[in-house]
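Participant: For the record, in the sequence shown the residue sitting at position 12 is 12 according to our numbering, with numbers rising by one throughout. Idealized CB from N, CA, C, for every residue including glycine.
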Amino acid sequence: MVYLSLPDIAQKSVSNPRMLQKGGGTASGRYLRRVKNIVSSAGLLRRMDWAAVNMRANCSLTDKCLPAGMTSAAVGQPVPGGRAGVLYTNCTGEERDRRLDAALACAKKTLATRGGVYSRRAG
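1. Measure the alpha-carbon distance for Lys-108 versus Ser-60 and round it to whole angstroms.
2. State the CB to CB distance for the pair Val-75 and Asn-90, rounded to an integer number of angstroms; the pair is presumed to be in contact (CB under 8 Å).
3. Out of curiosity, what's the CA-to-CA distance linking Leu-45 and Ala-112?
4. Are the beta-carbon atoms belonging to Leu-87 and Asp-63 less than 8 Å from one another?
5. Residue ranges of each alpha helix (DSSP H) run of no fewer than 4 residues wholly in the segment 22–65, ordered along the chain?
6. Which class does Thr-92 belong to by DSSP, given the choice of helix, strand or coil?
7. Going by beta-carbon coordinates alone, are Thr-110 and Met-55 separated by less than 8 Å?
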């Protein structure tokens, strides 16, 4: 009987130039991405669904910073594969950092369950 197959143990080292660090700062970093991570806990799956709905409701933006390397002709164009109505906009490095800080603060507020499990619902 085989307990592990290649997809179960395969991993890839990924680098990200704007990775969130401890304390909320951004810096270049590396992490391991696994090919196959399977969650089987029903409670955890419900929590993940709840978190996704609330993160979309509370932390979504109506625009997206233009990725590095794209021409400015894409400003004002819809983001392919994104939610309807999300458009590209020009952002400075400071604006990108401010958006990351705001996203971190929103995630901390939305995902906090100090008052009980799933205490903050989408409005």
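Facilitator: On the basis of the supplied data:
1. By 1-based counting over the sequence shown, the position of residue 108 is 108. By 1-based counting over the sequence shown, the position of residue 60 is 60. Near 14 Å, if we compare the C-alpha coordinates of Ser-60 and Lys-108.
2. To locate residue 75, count along the sequence shown from 1; it is residue 75. To locate residue 90, count along the sequence shown from 1; it is residue 90. That belief holds up - the Cβ atoms of Val-75 and Asn-90 are roughly 6 Å apart, short of 8 Å.
3. Walking along the sequence shown from the start, residue 45 turns up at place 45. Walking along the sequence shown from the start, residue 112 turns up at place 112. Cα to Cα, the separation comes out at about 17 Å.
4. Numbered from its first residue, the sequence shown carries residue 87 at position 87. Numbered from its first residue, the sequence shown carries residue 63 at position 63. At the C-beta level, Leu-87 and Asp-63 come within 8 Å of one another.
5. Runs found: 42–59.
6. On the sequence shown, residue 92 is found 92 positions in, with the first residue counted as 1. Note: Thr-92 maps to coil in three-state DSSP.
7. The count along the sequence shown starts at 1 and reaches residue 110 at position 110. The count along the sequence shown starts at 1 and reaches residue 55 at position 55. A contact, by the Cβ cut-off of 8 Å.
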